[in-house]
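With my numbering, the residue at position 6 of the sequence shown is 6, and numbering never jumps.
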Amino acid sequence: ADRVHLLAVSKTFSAGDVLAVAACGQRDFGENYIQEGVDKITALAAHTPRLVWHCIGPIQSNKTKLVAEHFDWAHTVDRLKIAQRLSEQRPAHLPPLNICLQVNIDGGPTKAGVSPTDALALAQAVSALPRLVLRGLMTIPDPLENFDAQVAVHLQAKQLFDDLHAALALPQFDTLSMGMSADLEAAVQAGSTLVRVGTAVFGKR
């Protein structure tokens, strides 16, 4: 349990809902929609202890400044251009932005993410950028009903994570953001270090 962290996905829920979950001890919250997330971050900026905010939705070029200025983590970086903009726009007074590379681990045709074969080159480039810290990988495989099939695809991501960890030799490369409400058990079994859970925490949207 101490090796798997819970990211409570608060998209579409109010700042008040976030406070209710924070009162239970939760500190990390994920937002898919950047402007909605910024509004909540601003509204809850004075909360003690401080909340940690993760951008887990797609990041377009025209939204990188908002992510760089407000979020603590960005999980969906899959292009060097986006990483470069986040690096350039991260304010100097803030700690470096934590980055996960989104990998299209199962080759889903509608899924974003760098291909597994291109992940090392992107990781090397991103890790060299200032104002960013490359922390690991994020995956969103296509839904599977069978538990064993879920585990199998997550194990592919774990293997890639281990391979990159060995190749990069970065001590801070420690995060495998993998698993949601429907497949978190399989993701944890396969080696996830962070599960992104919305429905099972906040209820139906």
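Cβ coordinates follow ideal geometry from the N, Cα and C atoms, glycine included.
When you compare the segment 128-135 with the segment 150-158, are there three or more beta-carbon pairs, one atom per stretch, that lie closer than 8 Å? no
Which of the three DSSP states, helix, strand or coil, is assigned to Asp28? strand
Arg3 versus Leu176: straight-line alpha-carbon distance, rounded: 11 Å
Since Ile99 sits in a beta bridge, which residues does DSSP pair it with? Ala74 and Leu134
What do you reckon, are the CB atoms on Leu101 and Arg131 nearer than 8 Å? no
The alpha helix (DSSP H) that contains Arg196, what's its start and end? No alpha helix (DSSP H) holds Arg196; the beta strand (DSSP E) holding it covers Leu194 to Val197.
For His93, which beta-bridge partners are listed by DSSP? In the DSSP output, where bridge partners are listed per residue, His93 has none listed.
Is it true that the CB of Gln89 sits closer than 8 Å to the CB of Lys65? yes
Just the C-alpha distance for Gln156 and Leu44, rounded to the nearest angstrom, thanks. 37 Å
DSSP-derived helix/strand/coil call for Thr117: helix
By the DSSP assignment, the beta strand (DSSP E) with His5 in it spans what residues? His5 to Val9
For Thr48, which three-state DSSP category applies? coil
Lys158 to Gly25 span [Cα, whole Å]: 28 Å
Let's see if you can read the secondary structure: which residues bound the alpha helix (DSSP H) around Thr175? Careful: Thr175 lies outside any alpha helix (DSSP H), inside the beta strand (DSSP E) at Thr175 to Met178.
Which residue wins for smallest C-alpha separation from Thr12, given the options Glu69, Ala23 and Phe29? Phe29
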